[in-house]
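The sequence shown begins at 1 in UniProt numbering and counts up by one. Let me begin by presenting the structure, written as structure tokens, before commenting on it.
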Amino acid sequence: MIDPATLHRLGFALLFTVLAGLVIFVRMLPFGPMTGTMPPPDLILLTGFAWVLRRPDFVPVLLFALLIFMTDLLLLRPPGLGAALAVIGLEALRARAGLMREQPFPVEWATVAVVLLAMTLAGQAVQAVFFAEHVRLGLALLELISNIVAYPLVVGISVFAFRVRRLAPGEHAAEARLV
Numbered sequence: 001m002i003d004p005a006t007l008h009r010l011g012f013a014l015l016f017t018v019l020a021g022l023v024i025f026v027r028m029l030p031f032g033p034m035t036g037t038m039p040p041p042d043l044i045l046l047t048g049f050a051w052v053l054r055r056p057d058f059v060p061v062l063l064f065a066l067l068i069f070m071t072d073l074l075l076l077r078p079p080g081l082g083a084a085l086a087v088i089g090l091e092a093l094r095a096r097a098g099l100m101r102e103q104p105f106p107v108e109w110a111t112v113a114v115v116l117l118a119m120t121l122a123g124q125a126v127q128a129v130f131f132a133e134h135v136r137l138g139l140a141l142l143e144l145i146s147n148i149v150a151y152p153l154v155v156g157i158s159v160f161a162f163r164v165r166r167l168a169p170g171e172h173a174a175e176a177r178l179v
């Protein structure tokens, strides 16, 4: 028989996969020309960040990397670069998840904003070094702003709709109450 904690983690990994598939599906729908509008936030990335800061065991790194890589391919972004930067950002936040438990939300939001900024600048630098065709810096910064602005909404939905809450200080993932 499967341990209830393991089943709970697998259920959230499946939920994360379904949500990512839904986001990809909606992003691929032909809504017509959207020139001059704000780029949409990367909801898969933001959900992964929000979940890993609350429950690091809910977001397996290989699943996250695969979903971001598939998103890169389907949305015609440079394959691999976004996934690599997203995994680095996710693991940087995972390493700080224990410290972030005791911090208020604005500190978490600022930390995620710094990680997103570092990912944006690193992506622009790598593409410039290799003379790859890349998104203009202004558009990349607009996407960064939309990600930073959307993060509290993603956290709110994660906490209130999906019940992805932080572990209490001293509480281990295996001991967490399964809600």
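Heads up, the beta-carbon is just placed ideally off N, CA and C, and yes, glycines get one too.
The DSSP assignment places 43-54 and 61-74 as complete runs of the alpha helix (DSSP H) inside the stretch 5-89, in order along the chain (cut-off: 4 residues). Going by DSSP, Phe160 is part of the alpha helix (DSSP H) stretching over Leu137 to Phe160. One thing to note: Val52 has its Cβ no nearer than 7 Å to the Cβ of Leu117. Taking Leu75 as the centre and dropping the five residues before and after it, the same chain places the C-beta of Arg27 closer than 7 Å to its C-beta, in chain order. Across the set Phe105, Gln103, Ala140 and Glu102, the C-alpha of Ala140 shows the shortest separation from the C-alpha of Gly82. A straight-line Cα-Cα distance of about 32 Å links Leu14 and Gln124. Taken through DSSP and simplified to helix, strand or coil, Arg96 comes out as helix.
DSSP places Leu167 in the coil class of the three-state scheme, outside both helix and strand. Here DSSP, grouped into helix, strand and coil, assigns Gln124 to helix.
One Cα belongs to Asn147, the other to Thr6, and the distance between them is close to 31 Å.
With a cutoff of 7 Å on beta-carbon distance, Ala97 and Pro30 are scored as not near each other. Apart from the 5 residues on each side of it in sequence, Val61 sits with its Cβ closer than 7 Å to the Cβ of Val87, Leu90 and Glu91 in its chain, given in chain order.
For Leu153, the closest C-alpha among the options Phe16, Leu22, Gly11 and Leu46 is that of Leu46.
From the listed residues Pro41, Arg77 and Phe58, the smallest Cα separation to Leu167 is found for Phe58. Of the other Cβ atoms in all chains shown, 16 or more fall within 10 Å of the Cβ of Glu108; this residue is therefore buried. Taking the Cα positions, Ala84 is about 7 Å away from Ala65. About 11 Å separates the beta carbon of Pro79 from that of Ala132, a gap too long to meet the 8 Å contact definition. The criterion of a C-beta distance shorter than 7 Å is not satisfied by Ser158 and Val149.
Of the residues Met119, Asp3, Phe12 and Val18, the one whose Cα lies closest to the Cα of Leu144 is Met119.
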